[in-house]
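Asker: Going by this note's numbering, the sequence shown opens with residue 4, and the numbers climb by one from there.
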Amino acid sequence: MTAPLCELTPDGYHESSELALGWRDRTVLAVRDVMNGASPLMASIWPYRLGHHSYLVCDFYVEHTNRVFAITFCLGEQPNLTHLDEPTVPDFADALHLATMVINELGATARLGMRGTGQSPLPFSTAGTA
Numbered sequence: 004m005t006a007p008l009c010e011l012t013p014d015g016y017h018e019s020s021e022l023a024l025g026w027r028d029r030t031v032l033a034v035r036d037v038m039n040g041a042s043p044l045m046a047s048i049w050p051y052r053l054g055h056h057s058y059l060v061c062d063f064y065v066e067h068t069n070r071v072f073a074i075t076f077c078l079g080e081q082p083n084l085t086h087l088d089e090p091t092v093p094d095f096a097d098a099l100h101l102a103t104m105v106i107n108e109l110g111a112t113a114r115l116g117m118r119g120t121g122q123s124p125l126p127f128s129t130a131g132t133a
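Okay, here's the thing in C-alpha cells:
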C-alpha cells in the first residue's frame, strides 16, 4: 500500500504534507493565470474509470467562456505531483483533499458531476437484477 500524502481522520483533522502544500500553491497560481481574473470561478468534480484505473477530475472554469484548467488525478499510484494537471496520488481521499485545498484557496464554487452534457441518458440501476 502506498503511503498517503495527507493525514485525514474521521473527526475532520487533516494535515497536508509539504509536497501536497507545494502542489496546491503552484496549482492555484496556474489556475489564476489561466482565468486571468474572470469570474465567477466554478469547479466541477467527477470520477471515471478507464480500464482498471480510477481517476478524479476537477475542472476549473468560468461559465460561457473558453477558460478551463482541468486537473485529472490518477489514483492508486505512488505520489507524483510534478505535473499540475495530471498528479498521481494513492487514493480518492488524497485526490479529493488536494482538489478541495485548491477550490478553497481560489474561492471557487464547487459542484459534483461533469459540467456540460456528461450525463448518461438512462440511470444506472441494479434493481431487479438479483
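Every residue, glycine too, gets a C-beta built ideally from N, C-alpha and C.
Classify Glu-18 as helix, strand or coil using the three-state DSSP reduction.
Answerer: DSSP places Glu-18 in strand when its eight states are reduced to three.
Asker: For Thr-30, which of helix, strand or coil comes out of DSSP?
Answerer: In this structure, Thr-30 counts as helix in the three-state DSSP scheme.
Asker: Quick test of your reading: Ala-102 and Leu-59, contact by CB under 8 Å. State the CB separation rounded to the nearest angstrom.
Answerer: Contact holds; Cβ gap of about 7 Å.
Asker: Suppose you measure from the CA of Glu-10 to the CA of Ser-19; what does that come to, to the nearest Å?
Answerer: About 6 Å.
Asker: Spell out a yes or no on whether the region 81-97 and the region 62-69 are touching, meaning 3 or more CB-CB pairs, one atom from each, closer than 8 Å.
Answerer: Touching, no.
Asker: In the DSSP assignment, find the alpha helix (DSSP H) that holds Glu-108 and state where it starts and stops.
Answerer: Per DSSP, Glu-108 belongs to the alpha helix (DSSP H) from 95-109.
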